[in-house]
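Only one structure is covered here, and it is reproduced in the block below.
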Amino acid sequence: KVRFVGAGAIGVSAIWTLLKLVKPVARGLASAMAASRARKAGRADTLPITERDIPIGIVGVVTLICMLPIAWLLGYFGNSSGLGAHLPTLIIGGVAYVVLMSFFVSAVCGYMAGLIGSSNSPLSGIGILVVIGAALLLVIGVKPYVGPAASKALMAFALFTTAVIFNVAAIANNNLQDLKTGQLVDATPWKQQVALIFGVIAGAFVIPPVLDLVNHAYGFVGAPGAEARAHPLPAPQAGLISSLAQGVIAADIDWSLIRIGGLIGIGIILLDEILARTTRHMRVPPLAVGLGIYLPTQSTLMIVVGAVAGWLFDRRADRTARPEATKQLGVLLASGMIVGEGILGVVISAIIVFSGKDAPLALVGPGFET
4 KVRFVGAGAI
14 GVSAIWTLLK
24 LVKPVARGLA
34 SAMAASRARK
44 AGRADTLPIT
54 ERDIPIGIVG
64 VVTLICMLPI
74 AWLLGYFGNS
84 SGLGAHLPTL
94 IIGGVAYVVL
104 MSFFVSAVCG
114 YMAGLIGSSN
124 SPLSGIGILV
134 VIGAALLLVI
144 GVKPYVGPAA
154 SKALMAFALF
164 TTAVIFNVAA
174 IANNNLQDLK
184 TGQLVDATPW
194 KQQVALIFGV
204 IAGAFVIPPV
214 LDLVNHAYGF
224 VGAPGAEARA
234 HPLPAPQAGL
244 ISSLAQGVIA
254 ADIDWSLIRI
264 GGLIGIGIIL
274 LDEILARTTR
284 HMRVPPLAVG
294 LGIYLPTQST
304 LMIVVGAVAG
314 WLFDRRADRT
324 ARPEATKQLG
334 VLLASGMIVG
344 EGILGVVISA
354 IIVFSGKDAP
364 LALVGPGFET
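Residue numbers 4 to 373, in our numbering, belong to the letters of the sequence shown in order.
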């Protein structure tokens with residue numbers, strides 16, 4: 004139940020983040036439109052290199068083209084889950100919801116990823132709002148016309164639609180980090196954007212097999228068949244979002260817990276704003292507090308350990324001859340450990356799948372026999 008308190012806190016924090024980012028996002032869109040007008044007026048050469056994006060018209064056309072496979076996916080999924088009698092409503096409503104929410108979600112998550120980094124992107128918080136919105140729309144528009152047996156199909160459709168929007172937000176996180184790096188070195192944005200399009204296509208071919216490999220090796224907590232695995236991987240965010248969709252559609256969600264979390268979120272926001280105005284360095288990020296409420300200790304403990312280790316390293320670096328260079332080396336080391344752990348995890352997953360053993364690299368057996 005604590006997860007729903009955390010969901011309420013994260014939801015309020017996500018709404019606050021959205022409100023704070025309205026002006027910056029509007030300025031970014033205005034800048035893109037101004038560049039488009041200058042290009043149409045024949046003044047493209049007068050634009051700074053860092054302002055030469057893919058024309059907004061081409062972006063719009065490509066976006067519309069991308070809606071076609073999304074519409075097909077939603078229709079195929081809805082039909083295969085037993086909701087074929089309501090396909091027009093599901094496809095039209097689903098595509099409209101994907102377009103609308105993807106715009107806001109990618110703008111907010113991408114802005115935060117470009118400003119601070121993808122680790123500070125409010126993807127989980129925004130995802131909670133997205134799945135609740137999708138589930139409520141299905142309750143209003145489809146549930147009255149189907150039987151109780153269709154509740155699981157509606158929940159699955161809400162999660163599938165949310166997954167599409169999550170993918171858009173994740174792509175925005177990655178792309179905005181790359182574009183910011185390019186801006187720092189005066190790269191030409193449209194060239195980066197073309198390369199990023201090919202990167203998304205490549206990722207679409209690579210990521211699903213890798214995730215399927217990891218699923219076959221370990222499984223995920225809450226997924227079918229996970230109880231038969233020795234060490235299924237925890238997926239607290241996915242579990243929470245699934246529980247929210249199920250609770251909204253089945254009308255058995257405890258809204259009082261979410262309201263309590265919302266009030267906690269409001270209190271944290273007020274505290275953070277007071278600290279921002281009265282202190283120089285002390286802040287209480289509302290989204291981080293909400294995440295801390297609903298994530299289990301095993302998911303957050305190492306983050307605390309890493310933060311303390313990083314703080315100690317920075318203090319030691321301040322006493323060296325070149326503090327900033329030393330800190331940058333520490334960042335590179337930590338980044339390499341993150342990437343290396345991910346790559347090694349995929350390699351071990353492949354070994355587990357192809358060997359058919361739960362622990363193929365174990366030096367001794369379960370009873371420590373050799």
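For each residue, glycine too, the CB sits at the ideal point set by N, CA and C.
Open item on the list: Assuming the contact rule is C-beta atoms closer than 8 Å, Tyr297 and Gly14 should be a hit. Round their C-beta distance to whole Å, please.
Closed with: Going by Cβ atoms, the distance from Tyr297 to Gly14 rounds to 11 Å, so no, they are not a contact pair.
- [ ] Let me know if Tyr148 comes out buried or exposed under the rule of 16 or more other beta-carbons within 10 Å of its beta-carbon.
- [x] exposed
TODO: Inspect the beta-carbon positions of Leu304 and Ser127 and report whether they are closer than 8 Å.
DONE: no
Task: In chain order, each alpha helix (DSSP H) run of at least 4 residues that lies wholly inside the region 51-95 - done: 59-83
Task: C-alpha gap between Ile129 and Pro326, whole angstroms - done: 37 Å
Open item on the list: Please state whether the Cβ-Cβ distance between Ala161 and Val108 is less than 8 Å.
Closed with: no
Task: Alpha-carbon to alpha-carbon, Pro51 and Gly97 - done: 39 Å
- [ ] Tell me, please, which residues DSSP counts as bridged to Leu236.
- [x] Phe223
TODO: Compare the beta carbon distance of Ile244 and Val134 with 8 Å and say whether it is the shorter of the two.
DONE: yes
Task: Distance CB(Ala207)-CB(Thr165) smaller than 8 Å - done: no
- [ ] Could you name the residues of the same chain whose beta carbon sits closer than 6 Å to that of Ile267, not counting the 5 residues immediately before and after it, in chain order?
- [x] Ala12
Open item on the list: Within the continuous alpha helix (DSSP H) that includes Met158, where are the two ends?
Closed with: 154-187
TODO: Taking only the alpha-carbon atoms, compute the straight-line gap between Arg319 and Ala312 and give it to the nearest angstrom.
DONE: 11 Å
Task: Host alpha helix (DSSP H) of Leu126 (start-end) - done: 126-144
Task: Exposure label - Met285; buried when at least 16 CB within 10 Å - done: exposed
Task: Continuous alpha helix (DSSP H) stretch holding Arg319: start and end - done: 300-320
TODO: Measure the beta-carbon distance from Thr184 to Arg55 and round it to whole angstroms, keeping in mind my assumption that it falls under 8 Å.
DONE: Not a contact, Cβ separation roughly 17 Å.
- [ ] With DSSP collapsed to three states, give me the class of Arg286.
- [x] coil
- [ ] May I ask you to report which of helix, strand or coil DSSP gives Ile256?
- [x] coil
Open item on the list: Spatial neighbours of His234 within its chain, please: C-beta separation below 7 Å, excluding the five flanking residues on both sides.
Closed with: Tyr221
TODO: Leaving aside the five residues before and after Ser84 along the sequence, list all residues of the same chain whose C-beta is less than 7 Å from its C-beta, in chain order.
DONE: Ala156, Ala159, Phe160
Open item on the list: So, under 8 Å CB-CB, Leu247 and Ile131 are touching, yes? Tell me the CB distance rounded to an integer number of Å.
Closed with: 6 Å
- [ ] To the nearest angstrom, report how far apart Asp317 and Ala37 are at their CA atoms.
- [x] 43 Å
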